[in-house]
Amino acid sequence: LGLALYAGSLCAANGAAFLYHDYCVIGAGPSGLQAAYFLQQAGRDYVVFERSHAPGSFFALYPRHRKLISINKRYTGKSNSEFNLRHDWNSLLSHDRRLLFRRYSRDFFPDADVMVRYLEDFASLLKLRVQYNTAIIHVTLERDEQAWNGHYFLLTDQDRQNYKCSSLLVATGTWVPNVVNFPGSEYVEGYETVSINPEDFAGQTVLILGRGNSAFETAENILGVTNFIHMVSRSRVRLSWATHYVGDLRAINNGLLDTYQLKSLDGLLEGDLEDLAIVKDKKGKLHITLRFYLENRNTSAGIDSITLPQDELDNFATRAPYDRVIRCLGWKFDFSIYNRSLRMMPGKGNKKKYPQIKPSYESRGTRGLFVLGTASHSVDFRKSAGGFIHGFRYTTRAVHRLLENRHHGVPWPSTVYPITQLTNSIIKRVNEASGLYQMFSVLADIILLRENATAFEYLEEYPVGVLAELEMQTGRKAPNGLFVVIMEYGRNFSGADKDVFYYNRAVGEAQHAWQSNFLHPVIYYYKHLPTEREMRLRPPDWPLPRPDAVHHIVEDFLTDWTAPNAHILPLRRFLENCLSTDLRNFFAESCFLFAFTRQKLPPFCRQGYVRMQGLVGSEGLRRHAVEAGLLEDYSLTDFSGNRAPDSYEGSQDQLLRDHTIPVRPLQHLVNAKDE
């Protein structure tokens with residue numbers, strides 16, 4: 008009995024030790040802080056766990072050479088804050104204008120230490136609830152039918168403190184270094200620990216494993232002091248200006264390409280790293296060989312007893328010994344803290360460094376577990392900017408909106424407009440919206456049509472991968488069809504092997520808009536909401552299923568889609584064809600004429616003129632309309648249809664200005680009219 012009582016009290020104590028929050032966020036990096044901001048603005052119960060003493064601990068170490076490759080464009084020539092975010096790749100979203108990154112650095116490519124300071128200010132000024140020095144070391148599930156998702160998330164930190172949450176947001180990023188094991192890999196230095204002092208490499212010959220920005224960043228740092236640098240990787244170099252993917256090699260780091268192609272000793276090689284082997288000689292030099300040469304050899308017997316490739320091929324590319332070999336292979340997600348009950352599985356192929364998630368950023372294995380930030384990049388890997396601040400600040404907001412609807416009954420934010428504002432609403436968004444621009448092909452604006460197309464409901468930046476689930480995910484209904492507004496590059500314009508500078512690479516005429524290569528708006532029209540099956544069977548590389556109609560707004564060199572003839576007119580006619588209506592604006596005189604000559608008035612007249620709404624005319628506006636041929640000049644015509652004398656207009660103006668007109672003649676006219 009005593010043992011039973013003791014066990015019961017122990018279980019009760021353990022149960023009481025769980026600290027509960029509705030939302031738990033793991034990681035106080037940019038995506039974790041962004042999620043915390045939205046949760047705090049909504050008044051939700053949340054906590055952010057950060058293993059370090061300050062937010063943004065990743066940026067305290069990386070990039071090693073301290074220069075970020077995210078641009079900080081402080082001037083755009085425009086004062087529109089939403090537009091300016093298109094070219095600000097570092098700021099998080101908030102209402103506080105002090106927390107724009109351009110106020111922290113004047114550099115186009117800022118220093119990483121500035122990012123650390125920015126994130127500290129973001130957390131402190133907004134009073135986000137971050138619990139520092141708390142490393143979550145284990146996460147598991149507790150089944151409970153009363154919980155939001157049918158289970159609670161149980162978290163344990165390094166001090167064995169337990170936490171219980173209804174929803175878990177994982178914002179830890181990818182921070183575990185990728186390591187390739189092969190014979191001799193113990194001689195390889197990691198990017199995370201290698202010296203960043205160029206003088207430590209003076210007069211040395213260096214081999215770098217990897218071909219991403221970290222590899223080229225390392226090479227750029229020592230390019231001027233080494234004998235030569237060789238770089239080996241499984242894949243060919245991918246230039247960001249060719250792939251239009253910001254995670255590929257950026258121009259700021261590609262000095263090695265110059266020295267390679269301009270015959271200055273440095274070079275690039277392709278090969279599978281797992282097939283390599285490194286042998287160290289008595290002088291400490293590192294020799295590159297192939298794994299199969301060592302399969303039946305004892306490497307401890309010395310290099311003289313080992314066959315090297317140059318023994319059989321005397322011009323073997325890497326026959327010269329190296330002083331140092333540096334591994335720069337990027338990072339991967341840390342799966343180690345998650346219990347098997349959560350079924351957090353790595354992706355497949357080149358996405359294996361990320362956890363498997365749905366296009367809604369929810370784990371494929373566990374309901375209520377969402378992955379944010381860099382770790383969520385599997386949704387748009389090598390396609391869009393979801394792995395970087397200027398992309399995941401918007402996807403984090405999208406996840407928050409999904410959670411607000413699911414758990415709190417708050418529908419996705421929307422605005423209802425009369426149908427006459429459809430063209431204007433689209434033009435405004437494609438010219439200003441930063442979320443559409445940065446997360447092209449991933450986030451889209453959704454326009455839900457009301458019955459008889461008299462009005463529409465506008466939803467901003469919804470993940471198109473879950474378009475089939477729109478009604479469930481947003482709390483909005485789409486019974487009458489919809490438009491999807493999205494930004495896209497040309498189908499065959501991006502790729503590592505593409506020449507993006509070829510002659511006639513851009514089109515400028517509206518009739519060729521479907522051939523546009525550069526980023527441009529595309530509008531899809533669906534009579535019915537696409538089904539999940541249609542989403543699965545969509546054409547390769549299409550973000551959406553085949554629509555009932557599609558319209559490309561022709562690319563623009565200034566990314567300014569406001570040209571009346573090239574951009575607005577074709578869009579308006581496309582919308583009119585889809586809706587079988589007239590979306591033009593009319594003067595009151597035209598609406599008056601239509602009321603007598605047409606069976607059905609255009610929407611602009613029905614929603615404006617007939618309801619006595621609209622702008623009050625003026626003589627200047629009337630004269631402008633006459634000169635433009637939009638109105639007849641009725642002021643120069645008398646009641647019999649004949650043109651009035653030239654002096655008529657002047658005398659009329661004089662009459663309006665004359666306040667000394669006798670009352671008697673005017674009264675006489677009134678009496679005559681009554682008679």
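This note's numbering numbers the first residue of the sequence shown as 8 and each following residue consecutively.
Cβ coordinates follow ideal geometry from the N, Cα and C atoms, glycine included.
Keep in mind the model is a prediction, meaning the values are calculated, not measured.
DSSP on residue 494, reduced to helix/strand/coil?
strand
Assigned secondary structure, residue 331 (DSSP; H/G/I helix, E/B strand, else coil):
strand
For the candidate residues 141, 549, 537, whose alpha-carbon lies nearest to that of residue 529?
549
On the three-state DSSP scale, how would you describe residue 198?
coil
Extent of the continuous alpha helix (DSSP H) run through residue 539
539-543
Can you find the residues in the same chain that come closer than 8 Å, C-beta to C-beta, to residue 578, ignoring five residues on each side of it along the sequence?
430, 433, 434, 530, 558, 560
Could you pull out every residue in the same chain whose Cβ sits closer than 8 Å to the Cβ of residue 372, ignoring the five residues on either side in sequence?
349, 350, 351, 352, 363
Based on Cα-Cα distance, which residue from 212, 184, 454, 142 lies nearest to residue 167?
142
How long is the line joining the alpha carbons of residue 40 and residue 145, rounded to whole angstroms?
21 Å
Inter-residue Cα distance where the pair is residue 247 and residue 345
34 Å
Could you check where the alpha helix (DSSP H) with residue 83 kicks off and where it finishes?
It is not in any alpha helix (DSSP H) - residue 83 carries neither H nor E in the DSSP assignment.
When DSSP builds the beta bridges, which residues end up paired with residue 62?
For residue 62, which the question treats as bridged, DSSP gives no partner whatsoever.
Rounding to the nearest angstrom, what Cα-Cα distance links residue 175 and residue 119 in this structure?
28 Å
Indicate whether residue 513 and residue 524 have their beta-carbon atoms separated by less than 8 Å.
yes
With 16 other CB atoms within 10 Å as the buried threshold, where does residue 584 fall?
exposed
Whole angstroms are fine: how far does the CA of residue 332 sit from the CA of residue 130?
39 Å
Measuring alpha carbon to alpha carbon, tell me which residue in 567, 461, 217, 68 is nearest residue 280.
217
Could you pull the start and end residues of the beta strand (DSSP E) that residue 467 belongs to?
462-470
So, with DSSP's three-state summary, where would you put residue 89?
helix
Strictly by DSSP, which residues pair up with residue 4?
This structure leaves residue 4 out entirely; the chain is present only between 8 and 682.
Element boundaries [alpha helix (DSSP H), containing residue 415]:
396-415
With 16 other CB atoms within 10 Å as the buried threshold, where does residue 484 fall?
exposed
What is the DSSP secondary structure of residue 627, counted as helix, strand or coil?
helix
Looking at residue 403 and residue 77, is the spacing between their C-beta atoms short of 8 Å?
no
Whether residue 122 touches residue 36 by CB criterion (8 Å):
no
Please confirm whether residue 481 and residue 412 have their CB atoms less than 8 Å apart.
yes
Given a cut-off of 8 Å, decide if residue 470 and residue 405 are closer than it, judged by their beta-carbon atoms.
yes
Would you identify the three-state DSSP class for residue 105, choosing helix, strand or coil?
helix
For residue 546 and residue 553, what's the separation of their Cα atoms in angstroms?
7 Å
Can you find at least 3 beta carbon pairs, one from the stretch 444-451 and one from the stretch 391-402, that sit closer than 8 Å?
yes
Beta-ladder partner(s) of residue 287, from DSSP
293
Return the chain-ordered list of same chain residues with a C-beta closer than 7 Å to the C-beta of residue 555, the five sequence neighbours on each side being excluded.
532, 533, 534
Roughly how many whole angstroms lie between the Cα atoms of residue 179 and residue 340?
8 Å
Can you tell which of 274, 422, 296, 441 has the C-alpha that lies nearest to the C-alpha of residue 326?
296
Taking the alpha-carbon of residue 276 as reference, which of 255, 252, 290, 243 has the nearest alpha-carbon?
243
Contact set for residue 262: own chain, Cβ-Cβ below 6 Å, skip 5 residues either direction:
227, 230
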